[in-house]
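A.B. asks:
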Amino acid sequence: MQRRDDELIDLAMEVRAALADGRPVVALESSIVAQGMPWPHNLETALAVERIVRAEGAVPATIAVVDGRIRVGLDEDTLRRLSRARDAHKASRRDLAALVAARATAGTTVAATMWIAARCGIAIFATGGIGGVHRGAEETFDVSADLIELGRTPVAVVSAGAKSILDIGKTLEVLETQGVPVLGYRTDTFPAFFTRDSGHKVDRRFDSPQALAEVIATQRRLGLQSGILIANPISEADALAADDIEARIAAAVRDAEAAGVARKDLTPFLLARVNDLSDGASLRANIALVKNNAALAAQIAVAHAALAEP
Ligand code: PSU
Ligand code: MN
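Letter by letter, the sequence shown follows residues 365 to 674 of the working numbering.
Have a look at this one:
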């Protein structure tokens, strides 16, 4: 049995009611709001994503740490505050206890959001891109906690693959080691966030939200306590030219090295630098793919809720 809430986790009424009734809920992360996108696009996107989830018939549950409370389902004022807070922290799994104890405010990464979602009984989660193995990880050991969380927490994460700020081949190797199925939605290849094809294969392709919901239900019936990564490529219309974005990413990685940025600061630094170097095109693509992922996650959640077994 998952504990649905306790004295440290605040479930919004709407989310609590939906979970109690077995209605579809989609978890959403907030590091993308606090660190991943600039104001005001972060707020506009967060609100648009919630509307999309609702339009597909599911309840959105954006997750964050607010004044030391773990919140599941945020009201607009709180999202607004988080999107403008210059002092908001970035919370991965390991940061949660310290930030809660210090009464701090933080956006939650994929890892932290998954853990909180599972704790509340939410099975499906939409994000933009997951963290992964950084380029040069053979030297730095920089492997995102997102990959380890996917290995041990039973939540299905819909993403547009991984940005090529990462080493995608190594990222897929770690996911394999961690026992995480990597499933393509209407694709045989793992997407690279801004582009539709990283050159690497997914484990298996599924062409409908219902089929993906069945995999999630089966994984749960088997008692496999690991996550699932669902790769949903950016639409052709929104995808960027591979050469263009690759040059910018390479420049951003060089800048990070030169500035000696490491550990939890590296991903936010690279995201901001790629945005600066690409005159808003990467941000537009980012917004489009997050919305696309929210819609698919909601469709899967609706199909999952309709299955007889949880
Ligand atoms: N990649 C993106 N956008 C993001 C992130 C990653 O394209 O917003 C955020 C997510 O919250 C992800 C986190 O979980 O960065 C990973 O951080 P790290 O690499 O430090 O584990
Ligand atoms: Mn890292």
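Just so it is clear, CB atoms sit at the ideal spot from N, CA and C, and this is done for glycine as well.
1. How big is the Cα-Cα spacing for R368 and C484?
2. What residues in its chain sit with their C-beta under 6 Å from that of L536, if we drop five residues either side in the sequence?
3. For the stretch 556-643, list the alpha helix (DSSP H) runs that are entirely contained and at least 4 residues long, ordered along the chain.
4. Can we say the stretch 402-417 touches the stretch 503-514, given the rule of at least three CB pairs closer than 8 Å?
5. Just the C-alpha distance for W403 and R648, rounded to the nearest angstrom, thanks.
6. Rounding to the nearest angstrom, what Cα-Cα distance links V654 and I373 in this structure?
7. Determine the contact status of F557 and G493, defining contact as a CB-CB distance below 8 Å.
8. Tell me the rounded alpha-carbon separation between D640 and A623.
9. Which whole-angstrom value is the C-beta distance of R396 and T491, which I expect to be below 8 Å?
10. Report the residue ranges of all alpha helix (DSSP H) runs contained in full by the stretch 441-487; include only those spanning at least 4 residues, in chain order.
11. Helix or strand or just coil, what does DSSP make of D374?
12. Which first and last residues belong to the beta strand (DSSP E) in which L392 is found?
13. Give the single residue among Q399, G548, P573, F570 whose Cα lies nearest to the Cα of D561.
14. Got a sec: does the ligand MN put a non-hydrogen atom nearer than 7 Å to the Cβ of S528?
15. State the beta-bridge partners of R435 as determined by DSSP.
16. By the 10 Å Cβ neighbour count, where 16 or more other Cβ atoms means buried, how is M401 classified, buried or exposed?
17. Just the Cα atoms here: how many angstroms apart are V430 and L443?
18. If you draw a straight line from the alpha carbon of M365 to that of V379, how long is it in whole angstroms?
C.D. replies: A quick look at the data gives this:
1. Here residue 368 refers to the residue found at position 4 of the sequence shown. Here residue 484 refers to the residue found at position 120 of the sequence shown. Per-residue confidence for R368 stands at a pLDDT of 48, beneath the threshold of 50, marking its modelled position as unreliable; the derived number appears in the next sentence. Going from the Cα of R368 to the Cα of C484 covers about 4 Å.
2. For this step, residue 536 is matched to residue 172 along the sequence shown. Answer for L536: H564, listed in chain order.
3. Within the stretch 556-643, the complete alpha helix (DSSP H) runs of at least 4 residues are 573-586, 606-623, 630-641.
4. No, the stretch 402-417 does not touch the stretch 503-514.
5. Within the sequence shown, residue 403 is the residue found at index 39, counting from 1. Within the sequence shown, residue 648 is the residue found at index 284, counting from 1. As the crow flies, the alpha-carbon of W403 is around 13 Å from that of R648.
6. The residue you call residue 654 lines up with position 290 of the sequence shown. The residue you call residue 373 lines up with position 9 of the sequence shown. Looking at the two C-alpha atoms, the distance is approximately 26 Å.
7. Along the sequence shown, read from residue 1 onward, the residue named residue 557 stands at position 193. Along the sequence shown, read from residue 1 onward, the residue named residue 493 stands at position 129. It is a contact, given that the beta carbons lie within the stated cut-off.
8. Position 276 of the sequence shown holds residue 640. Position 259 of the sequence shown holds residue 623. D640 and A623 have their C-alpha atoms spaced approximately 16 Å apart.
9. Working through the sequence shown from its first residue, we reach residue 396 at position 32. Working through the sequence shown from its first residue, we reach residue 491 at position 127. At residue 396 the sequence reads Ile, which differs from the Arg that was named. Rounded to the nearest angstrom, the Cβ distance from I396 to T491 is 7 Å, consistent with a contact under 8 Å.
10. If we require 4 residues or more, the alpha helix (DSSP H) runs fully inside the stretch 441-487 come out as 460-465, 474-484.
11. Residue mapping note: residue 374 aligns to position 10 of the sequence shown, counting from 1. DSSP places D374 in strand when its eight states are reduced to three.
12. Stepping through the sequence shown from its first residue, residue 392 is reached at position 28. Here the beta strand (DSSP E) through L392 covers 389-392.
13. For the purposes of this step, residue 561 is taken as the residue at position 197 of the sequence shown. When Q399, G548, P573, F570 are compared, the shortest CA-CA separation from D561 is found for G548.
14. The residue given as residue 528 occupies position 164 in the sequence shown. No; taking the cut-off as 7 Å, the Cβ of S528 has no heavy atom of the ligand MN nearer than that.
15. Taking the sequence shown and counting its residues from 1, the one referred to as residue 435 is at position 71. Answer is D374, A428.
16. Start at 1 with the first residue of the sequence shown, and residue 401 comes out as number 37. Of the residues assessed, M401 falls on the buried side of the cut-off, its CB having 16 or more other CB atoms within 10 angstroms.
17. Position 66 of the sequence shown, counted from the first residue, corresponds to residue 430. Position 79 of the sequence shown, counted from the first residue, corresponds to residue 443. Approximately 10 Å between the Cα atoms of the pair.
18. For this step, residue 365 is matched to residue 1 along the sequence shown. For this step, residue 379 is matched to residue 15 along the sequence shown. Below a pLDDT of 50, predicted positions are generally treated as unreliable, and M365, at 42, falls in that range; no measurement from the model is reported.
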